[in-house]
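Residue numbers (my numbering), protein chains in the order written: chain A, 1 to 300; chain B, 1001 to 1495.
Backbone N, C-alpha and C define an ideal beta-carbon position, used for all residues, glycine too.
Since the structure comes first, as structure tokens, the remarks are kept for the end.
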Amino acid sequence: MVQNLQPILNVEHLTMRFGGLKAIDDVSFTAYQNHITAIIGPNGAGKTTLFNCLTGFYKPTVGRLTLCSSNQSMLLEQMEGFKIAKDAKVVRTFQNIRLFPAMTLLENMMVSQHDGLMRAAGYNLTGLLSRTALGSELKNGWRKIFSKIGLSYYARLEKEALDHCCFWLDQVGLLDRADEIASSLSYGAQRRLEIARAMCTRPVLLCLDEPAAGLNPRESSDLNVLLLKIRQEHKTSILLIEHDMDVVMKISDQLIVLNYGKKIAQGTPTEIRQNPQVIEAYLGHTAVQVESNNNSGIHQ
Amino acid sequence: MNINTGKSINLKHIFFQSLGVAFLGAVLGSLLIGFKLQSRGISLELDWRLSQVLAVAFFVFLGRFCLGLQQIKLGLLSIFVTIAVCAYMITAILLSVQTPESSKAGNHLLLPYSDMKLNWMTSVIYLGLFLYLIYRFFKKRTVLDSRIQNKKWKFRLNKNIQMILIIAFLLLLISAPFLQIIDRRILNILTQILLYIVLGWGLSIVVGLAGLLDLGYVAFYAVGAYAYALLSLHFDFSFWLSLPLAGLLAAALGIILGFPVLRLRGDYLAIVTLGFGEIIRMVLVNWYEFTGGPNGINQIPKPALFGYLFDEPKGNGNTVSEWLGIEYSSETFYIFMYLLVLSMAFGVFWFIRKLRRLPIGRAWEAIREDEIACRALGLNPTNIKLTAFATGAMIAGFAGAFFAAYQGFISPESFTFVESITILAIVVLGGMGNLFGIALAAILLIFMLELRDLEMFRMLALGVLQVFVMIWRPHGLISRRSPTVYRLMSTKGVS
């Protein structure tokens, strides 16, 4: 791992102020390529605010967010909200799941292909004349004529997009239910669909906001497998907010601990587990004393 | 099929159920058609039309009974009963129509009640019931159907039957103005219904698909109408040239309105669009030199057909009647306009259906479902909402141009707030995004509004109808939303 530690995201002196409240106070860290970086901290520590700054939902008061993808670096804090997902390819999921409930799973996935398909459809001008996947029960002869004059270009790209969507639905185990309405899914399946939808945009950095919240132990271990697969097979770096220590400790390469908007620790899971400041933030001051007493007892 | 509902369904059960439904029908029927205003001397009095209500109750009973027979697998019998009723009604109506003078004595006895309109409605309903029963009887599942999970949604006829039904329906629509029973008044209503259907479809993009509540939609309609009127009067633009211009002007106005209100949602958006609609109307009323103020614009040129005019022949051979070699009649123009509006309706239908399947249509629906999620996926909400506004406005602009050409006279009176509400009611009643539902709702609503037999009660009846529809079908008449893609269309799905 050590030999190719290339940074993907550089956060420098990030500060977010809401009136008098400093939700994030001078946080700096670096996330590396092909790493799972987890951000943990007690409730109200500013984790989700950090995500919102990162994905353009908030404009940070101070600080610089640099995304270093393949060969260029982009300043996320200067980009418009939707462009962070579109151009910088930083895609997020939400703490409270945000699907398109009345649409089918496959349509949910297809929405994430919007940009490419819009271009394929000539911003809907040539698309109006070309075939679409639905309603294309044409005879072969017609199909040939269509492709001769270039009108099946959109249909071909749409098919590719559909295949890509189906691939990701398959990855999260929802392909069989592709034509069902999203709101009919169980909570865990909705979480997986949201992750699949985000992955469908081919992101370089995937930001997951509490993906394991509300999942049962089996589902969260499945999630672990999925996240590891995403990291290894699809070369996507992951930034993760999580309360479920089982998930965090098992899969993350690097942990960042926030408390009251400040970064209090950074390191590998084993380092963090022994960090007295972290234990204090989670369990209170006395707990640290007990812990250190125990430790000293063991050492003696 | 709801055969296996646990309760055993037998003939007696169905009979009593039908009786209950018939009673309900009688109660509702007496509200809708049971009274007739009569002026006696100086006072108005209500007449209780018992025979008609009874006939309605009887037919409701019979219809429900046939549906019940279908359930206990006596399908063939029910089909025979309905076809018998259909045949009886239609022949009776045709007989009494063809010989209006002689109908007074004998032919009227054939009909269960003497109101032509109600008889037509009954026979149409029975025809629908008959076709439905036939469909249930010969139902075949296609491959696609069985793969689709939610089977309640799927309602697919055999491809051939579907084709025949569609063609028959189209032929009926196209040949409607040439039928004997369709007179000038009914043709007028039909054209109006078509215009409202188109308006409803246009608004359904904004309200139904993109989820932006627009209470000032009629403003774009007005812009289209005035655009054609003014362009043709002042610049001698022909109808066919002004039509796209009217659409473009309305779309441009839609974008201008869209920009400032994009941040708003729900109630706030509704208030702003309401204000916008009123502004347009006030401008039309007060800018006297340009728009003619409350007097409106008169004598808007009629559209020409390949350069031939719909005027009285003057001998120079440039009128349609001379060109086609038919006798001049003012009706020709109205028939032509009906067909024109009909073809526009088909065009708009195709346009919206296609748009829904293109990425922009999915994006509209996604914006309605969750705007924040859209942003997180890299969709630009501003552009998507603006295109929704512009497309909806453009369709209204087209409809407006047709309206101006059809009426030959426009004034701000035609573009009041009530019009906006009527169009919105059509969209909501029809089921927000569903094109067929909206068409059905437009037919119902406009027919109700034009049904002069109900006289003062028609607004009341309209209200009652809407309340009941909202209780029974809170999501609109046809709230089914068909997906825009299926898994089977992907090569992955076939495996």
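{"Check": "Label residue 1403(B) either buried or exposed according to how many other C-beta atoms from any shown protein chain fall within 10 Å of its C-beta, with 16 as the threshold for buried.", "Outcome": "buried"}
{"Check": "Cβ closer than 8 Å: which chain A residues qualify as neighbours of residue 1185(B)?", "Outcome": "In chain order: nothing, as chain A lies at least about 38 Å away."}
{"Check": "State the Cα-Cα distance for the pair residue 1414(B) and residue 1214(B), rounded to the nearest angstrom.", "Outcome": "18 Å"}
{"Check": "How many whole angstroms separate the CB atoms of residue 1396(B) and residue 1230(B), which I take to be in contact at a CB cut-off of 8 Å?", "Outcome": "Actually they do not touch by this definition, with Cβ atoms about 17 Å apart."}
{"Check": "Going by DSSP, which residues form a beta bridge with residue 263(A)?", "Outcome": "258(A)"}
{"Check": "Distance cutoff 7 Å, beta carbons only. Does residue 185(A) sit that close to anything in chain B?", "Outcome": "no"}
{"Check": "Whole angstroms are fine: how far does the CA of residue 1075(B) sit from the CA of residue 1103(B)?", "Outcome": "Since pLDDT at residue 1103(B) reaches only 45, below the 50 mark, its modelled position is unreliable, and no value is offered."}
{"Check": "Assuming residue 99(A) and residue 158(A) are in contact, meaning their beta carbons sit under 8 Å apart, how far apart are those beta carbons, in whole angstroms?", "Outcome": "Contact doesn't hold; Cβ gap of about 22 Å is too wide."}
{"Check": "List the residues that DSSP assigns as beta-bridge partners of residue 181(A).", "Outcome": "104(A)"}
{"Check": "Against residue 85(A), what residues of chain B qualify as contacts under a CB-to-CB distance less than 9 Å, listed in chain order?", "Outcome": "1375, 1376, 1377, 1378, 1379"}
{"Check": "May I have the straight-line CA-CA distance separating residue 83(A) from residue 31(A), to the nearest angstrom?", "Outcome": "21 Å"}
{"Check": "With a threshold of 7 Å between beta-carbons, can residue 179(A) be considered close to chain B, or not?", "Outcome": "yes"}
{"Check": "Considering only the alpha carbon of each residue, which of 1253(B), 1049(B), 1033(B), 1020(B) lies closest to residue 1457(B)?", "Outcome": "1033(B)"}
{"Check": "In terms of DSSP beta bridges, what is residue 1048(B) paired with?", "Outcome": "1035(B)"}
{"Check": "Taking the alpha helix (DSSP H) that residue 96(A) falls in, what are its first and last residues?", "Outcome": "First-last for residue 96(A): undefined, no H or E at that position."}
{"Check": "In chain B, what lies closer than 9 Å to residue 14(A) by C-beta?", "Outcome": "What residue 14(A) touches in chain B: nothing, since even the nearest Cβ is about 19 Å away."}
{"Check": "Given a threshold of 16 other Cβ atoms within 10 Å of its Cβ, counted over all protein chains shown, does residue 113(A) qualify as buried or as exposed?", "Outcome": "buried"}
{"Check": "Helix, strand or coil for residue 1078(B), going by three-state DSSP, please let me know.", "Outcome": "helix"}
{"Check": "Can you give me the C-alpha to C-alpha distance between residue 1193(B) and residue 1339(B), rounded to a whole angstrom?", "Outcome": "13 Å"}
{"Check": "Could you tell me whether the region 13–32 of chain A touches the region 53–68 of chain A, where touching means 3 or more Cβ pairs closer than 8 Å?", "Outcome": "yes"}
{"Check": "On the criterion of 16 or more Cβ atoms from any shown chain inside 10 Å, does residue 1240(B) qualify as buried, or is it exposed?", "Outcome": "exposed"}
{"Check": "Assign residue 1368(B) to buried or exposed, taking buried as 16 or more other Cβ atoms, counted over all protein chains shown, within 10 Å of its Cβ.", "Outcome": "buried"}
{"Check": "Does the CB of residue 82(A) have a neighbour CB from chain B at under 7 Å?", "Outcome": "yes"}
{"Check": "Going by alpha carbons, who is nearest to residue 120(A) out of 155(A), 96(A), 89(A)?", "Outcome": "155(A)"}
{"Check": "I need the boundaries of the alpha helix (DSSP H) containing residue 80(A), first residue and last residue.", "Outcome": "Neither: residue 80(A) is in no alpha helix (DSSP H) and is coded neither H nor E."}
{"Check": "My assumption, with CB atoms under 8 Å, is that residue 1061(B) sits in contact with residue 1019(B). Please give the rounded CB distance.", "Outcome": "7 Å"}
{"Check": "Determine the chain B residues that contact residue 237(A) at a beta-carbon separation under 7 Å, and present them in chain order.", "Outcome": "Ordered by position in chain B, no residue passes the 7 Å Cβ test against residue 237(A), which lies about 17 Å from the chain."}
{"Check": "Take residue 306(A) and list the residues in its own chain whose beta-carbon comes closer than 6 Å to its own, dropping the five residues that flank it on each side.", "Outcome": "Absent from the model: residue 306(A). The displayed extent of chain A is 1 to 300, so no value can be given."}
{"Check": "Using 10 angstroms around the beta-carbon of residue 223(A), count the other beta-carbons present and answer buried if the total reaches 16, otherwise exposed.", "Outcome": "buried"}
{"Check": "Cβ of residue 70(A) less than 7 Å from any chain B Cβ?", "Outcome": "no"}
{"Check": "Is the CB of residue 137(A) under 7 Å away from at least one CB in chain B?", "Outcome": "Because residue 137(A) carries a pLDDT of 48, less than 50, the predicted location of this residue cannot be relied on, and the following value inherits that uncertainty. Not an interface residue."}
{"Check": "For the 8 Å Cβ check, are there 3 or more pairs between the region 1350–1357 of chain B and the region 1329–1337 of chain B?", "Outcome": "no"}
{"Check": "I'd like to check one pair, residue 1276(B) with residue 1556(B): are the Cβ atoms closer than 7 Å?", "Outcome": "Residue 1556(B) is absent from the model: chain B starts at 1001 and stops at 1495."}
{"Check": "Would you say the beta carbon of residue 1465(B) comes nearer than 6 Å to a heavy atom of the ligand ZN?", "Outcome": "Of ligands this structure carries none, so the ligand ZN is not represented either."}
{"Check": "I want to see whether chain B comes within less than 7 Å of residue 109(A), judged by CB atoms only; does it?", "Outcome": "no"}
{"Check": "Quick one: Cα of residue 1365(B) to Cα of residue 197(A), how far?", "Outcome": "16 Å"}
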